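Worksheet: one structure, shown below.
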Amino acid sequence: MTNFVKQTSFAVDYCPSKITKWISSRTGLQLVYIDKPSPIISGHFAVATEIHNDSGCPHTLEHLCFLGSKNYPYKGVLDILGNLAFSQTNAWTSTDQTVYTLTTAGWDGFRSLLPIYLEHLIQPTLTEEGFVTEVYHVDGNGKEKGVVFSEMHGIQNQHWFHVWLNAQRALYPHSAYRSETGGLMENLRKLNNKDIVDYHKSYYVPENLCVIISGSIDESELLSTMTDFDNQIPLDLPKLKARPWIDSRHDIAPTETIFKTVEFPDKDESSGEVLFSWIGPIVDDTLKNVAIDIMGSYLTSGPISLLQKEFVECADPLAYAVSYYTEDYYHTNLNIELKGVPTEKLDFVAERVLSIIKSHAANVSEFDLEKINDYLQSAKWNYILSCENSSEGLTTIAISEFIYGKRDGSDLSKWTKDLYEYEILQSWSSEKWCNLLQEMLVNNKPVVMKGKPSKEMYQTIKSGNKKLLEQRKADLGAEGLKKAQDTLERAIKTNDAPIPDDILDSFSQPDPSRIKLLHTVAVSCGTNQYAPVTEENKKLHEKLSQETRLEDFPLFLQFQDIKTQFVSITVLVNTFNISNVDLKKYMEVFTNLNSLPIESENGEYLSYEDVVSGLKRDTISNHINYGIGGSFEDYLNINFIVKRENYSKAIEWIHKLMYQTKFDEDRVRVTIEKLVNSMAELKRNGSEVLDYLYNKNVFSDESLKKAKDTLYLEEFYKDLLNEIKSGGFSAINEKLELIRNQIFKLENIRVLVVADVEKLDNAVNQWNILVEGRPREEPTPVPSPSKSLSSIGTNLSNKAFIAVTPGSESTYLMFITKVPNKYSHEDVPKIALTASYLQAVEGPFWRGIRGAGLAYGTNVHQSVQMGQLVFDVYKGADGPGAIDVARKIVDDYANGSIDFEPKLIKGAVSAIVHDITENESTYFQVAQNHYINQVIMERGSDYYEQYLKKLAKVTKEDLFYCINKYFKPLFDKNSSVVFGCVHPGKAEELIAKLENEFGYDVTVEKIVPTNTSNEDGDVEMEDGDEDDEDDEDESDDESEYSSSDEEDDSD
């Protein structure tokens, strides 16, 4: 007998999913099941969290819930058991919710872990020791640490945070939407564990918890598992005093527009940003919410949108990006954001945007009804596609329905079952759309935040951090510092208490053979011989052969058959053999083919606006980027997703973009100006700067990965703009046309079509338009990344490259050494398992580095294509400390001081099984991976199956062998190179360690404002600034925590 009473159950009209919702008659706990075929079972456990201060209780509680529960009172037990169950745990805290996630390969592991996980939420331990290490402490050197404090230290002075928080403050003067739920540093210093315990009692009660599960499982087993858990919940827990957000005060929109200038710290004062925020429709008004979303796209999305044309896609642009986004609050929060606005133009842009919107709303005759209907259809089909691929969209709505919907569950069907809103909006007139614009974005007054960079503020904060540290040391004194260190060490010892074997042994590992994997069938055509005829694909082969002799077709073509109403087309174009390496610097300009005018052979001319509109109308998505599967970036990737009936139109568009586009001077200039204007933002991002260092030094000039790096090409792009202004565009046009002529040859082109092939008409012959008049040639080899390495990338020894940038407060590091570069090498699975062991959640690196507050996370992985093993530190609070701990951990395993634990080895295997399964959780993913394994990597379509068999044979002795042969060399200057991005206040210590202790030959680059002239072709350099070198700024982690991966943020 179950406690759960069914509230609603229905099939979703537009995708293969069924949704059922129950509520417990005993506790009020809510349960939603989204029945959708997938080998991955996903759980989202949502708590509605409301707070009227900046203490950070919701965020800190999220962290502490993972540190043990009533019956499992051990830090890390949840994650260690999760590792054994092919699972990964995670969580996020945003303004109105805390959501805990669990993804598992297969139902068996999920079912076993689910009640343990939920107990961690309802009955966590919440110890003082956990608070010390996870939230806030001062160490023996007087430095402030703690995972949460470090994270917020990295966030609090970021440009986006200053602008966003001040907008929230102004728009919501009375409600809790104004609160910083992550916790401001000054509040985290005062927070205590009792505050968090009290907050937990108020909000973490069964009636304020919704368990949302998606995948393919037995419903009766789900109800049985949840009923067992529900029966174990004590009935004497506190009750919810008021329903969060629903029973609270709701702010109304300002009566007048509020303009405010907000400074953020940055030495680069060249550009800032403008954020417009409105209080929008009530969440229950689905029609108006869909309508305003479509209007937001009409205003900001794509090069022909109203605001893009005015501010970005124009001569003398006033921004490099314009975007629209919403927050799903009680009344939807509407936002328009312009980035890269010249500082001296912030006031003008703030006024001009509102003026344009007002004018457009008032002129019905000028409203483009056809264009907004194109946006409407695009949004509808993109949503249908996303729901066919994943349950994430439906899960997001289920979370909102739990927080803001009616308690009887009736809103879940209203908000998800059908898409009637799109049908109604399709019939709207221009007048109705203009009325909406007038109501929501003109009469409804916004808050306008002008984010302005301030060098003075940067210097004040920098010197203030140093003074705070000195004052703290003085206040504590030697005795106080020793006491602080003793407290920290006791807390670490308590938290790291070993988990009893009987708990781990009682948890049996699921059988991986019971995981239901998805499958696809391949057929090759033309110069592609990778999928010969078999019993499995014989029927499809015969169907396609009715059109033409497949082996004679002059194009490299592969079909992957899945059940879908869509078609995905991927055209890979080999750029490796471009004759002149200098031409490759033009690729980022070249790849904007889908926003250029077209002139066909018969003289038909389409303006770029017509091209963008036509693509919007005929495709669900169209992108031109690089690589496939996260690698092979010497391939240009032209990807189209269309409805099945638009298959032929997609091919026609691909043909036009490849051969009939015109490199219009205005369009090329706009592209280059956007790249130049994005520089300041890129330099504020530590991971972007680290990638720049890696690309510049590891790859040769032949590599497209290096040749298209925006920071690397800063001076090149500025020179191109000057060349255009001087009347030299014709020379640029010649180079772009030369690239077209060299790469768009049949020998360089490989095509993948993923579709329900049985239902495609003329699946092969539709491609005749691309091959007519072009000779059949054998395909060029796959451009392996390892073929375009520099001498540094080949040798991987002795060198360290450090970028010093004031724009990022955290430290980012990479140590790289050599490993085998053949998938067939016997050591590849051994290296993978060793890496998985070291970086597992609650594994050696996790406990030693993240647990000590040295960095938000670390990662170690092998790239077989590159022949590299990479250890990285991201969002680091103490880079040198993280290096020391990582090296000691590796050394201790290498010399036998620490032994490999059998349970952790099993957990490491499970983590790899989970990752492979998650990477094949949708039919489109399976199809692409099949193609990559079979055609691009040439390691066989059954590679994963064979890989897992080899993985199962890896022994503890193999791990010992690998740690000595491959992992110890990571921290030896004779066998590794280092890349780092560091704040000026931390540079001296890091550089000294790498030079003096490790012996690396260190090269230092200082990233400076984009408006500083520099004769060097590299990223602009800055000399001097001795204050930076001496500064002891103790800034810690950075993370966009509101969408963060709190518990497991790994690459």
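Going by the UniProt record's numbering, the sequence shown opens with residue 1, and the numbers climb by one from there.
Positions of the beta carbon are idealized from the N, C-alpha and C atoms, including for glycine.
Fair warning: this is a prediction, and the values are worked out from it, not measured in the lab.
Proximity below 8 Å, CB of residue i to CB of residue j
{"i": "residue 349", "j": "residue 336", "result": "no"}
{"i": "residue 871", "j": "residue 793", "result": "no"}
{"i": "residue 669", "j": "residue 620", "result": "no"}
{"i": "residue 193", "j": "residue 149", "result": "no"}
{"i": "residue 843", "j": "residue 904", "result": "yes"}
{"i": "residue 821", "j": "residue 867", "result": "yes"}
{"i": "residue 10", "j": "residue 115", "result": "no"}
{"i": "residue 608", "j": "residue 667", "result": "yes"}
{"i": "residue 244", "j": "residue 439", "result": "no"}
{"i": "residue 417", "j": "residue 263", "result": "no"}
{"i": "residue 986", "j": "residue 894", "result": "no"}
{"i": "residue 95", "j": "residue 177", "result": "yes"}
{"i": "residue 246", "j": "residue 307", "result": "no"}
{"i": "residue 119", "j": "residue 69", "result": "yes"}
Under the three-state DSSP convention, the category residue i falls into
{"i": "residue 599", "result": "strand"}
{"i": "residue 260", "result": "strand"}
{"i": "residue 809", "result": "coil"}
{"i": "residue 764", "result": "coil"}
{"i": "residue 954", "result": "coil"}
{"i": "residue 722", "result": "helix"}
{"i": "residue 862", "result": "strand"}
{"i": "residue 840", "result": "coil"}
{"i": "residue 91", "result": "strand"}
{"i": "residue 7", "result": "strand"}
{"i": "residue 345", "result": "helix"}
{"i": "residue 667", "result": "helix"}
{"i": "residue 1115", "result": "This structure gives no information on residue 1115, because the portion of the chain shown stretches from 1 to 1051."}
{"i": "residue 528", "result": "coil"}
{"i": "residue 1013", "result": "Residue confidence for residue 1013 is low, a pLDDT of 41 falling below 50, so the modelled location carries little weight; the figure read from the coordinates is stated next. Here residue 1013 sits in coil by DSSP."}
{"i": "residue 695", "result": "helix"}
{"i": "residue 278", "result": "strand"}
{"i": "residue 544", "result": "helix"}
{"i": "residue 1", "result": "coil"}
{"i": "residue 124", "result": "strand"}
Beta-carbon proximity list for residue i, same chain, < 6 Å, skipping 5 on both sides
{"i": "residue 684", "result": "807"}
{"i": "residue 677", "result": "320 and 340"}
{"i": "residue 591", "result": "624"}
Option nearest residue i by Cα separation, candidates the options
{"i": "residue 101", "options": "472, 66 and 647", "result": "66"}
{"i": "residue 982", "options": "1007, 928, 965 and 1000", "result": "1007"}
{"i": "residue 138", "options": "472, 416 and 624", "result": "472"}
{"i": "residue 112", "options": "41, 237 and 48", "result": "41"}
{"i": "residue 691", "options": "729, 735 and 813", "result": "813"}
{"i": "residue 832", "options": "582, 955, 195 and 379", "result": "955"}
{"i": "residue 776", "options": "433, 786, 526 and 260", "result": "526"}
{"i": "residue 703", "options": "790, 742, 598 and 286", "result": "790"}
{"i": "residue 712", "options": "730, 693, 720 and 728", "result": "693"}
{"i": "residue 79", "options": "56, 58 and 104", "result": "104"}
{"i": "residue 265", "options": "805, 993 and 597", "result": "805"}
{"i": "residue 706", "options": "632, 680, 218 and 257", "result": "632"}
{"i": "residue 1055", "options": "899, 687, 508 and 26", "result": "Given that the chain is displayed from residue 1 to residue 1051, the structure contains no residue 1055 and the question cannot be resolved."}
{"i": "residue 505", "options": "583, 81 and 12", "result": "81"}
{"i": "residue 330", "options": "748, 305, 402 and 925", "result": "402"}
Cutoff 8 Å; reference residue i; Cβ partners in own chain excluding five residues on either side
{"i": "residue 174", "result": "249 and 251"}
{"i": "residue 510", "result": "85, 86, 106, 108, 109 and 112"}
CB contact check: residue i to chain C, cutoff 8 Å
{"i": "residue 118", "result": "Annotation note: the requested chain C is absent from the structure, which comprises a single protein chain."}
Own chain partners of residue i with C-beta closer than 7 Å, once the 5 adjacent residues on each side are dropped
{"i": "residue 73", "result": "125"}
{"i": "residue 374", "result": "613, 616 and 617"}
{"i": "residue 190", "result": "none"}
Segment contact flag, the region 389 to 400 with the region 11 to 20, C-beta cutoff 8 Å, min 3 pairs: yes
Meets three-Cβ-pair contact criterion under 8 Å: the region 533 to 546 and the region 714 to 722: no
At least 3 beta-carbon pairs within less than 8 Å: the region 116 to 135 vs the region 198 to 211: yes
The region 732 to 743 contacting the region 492 to 504, beta-carbon criterion three pairs below 8 Å: no
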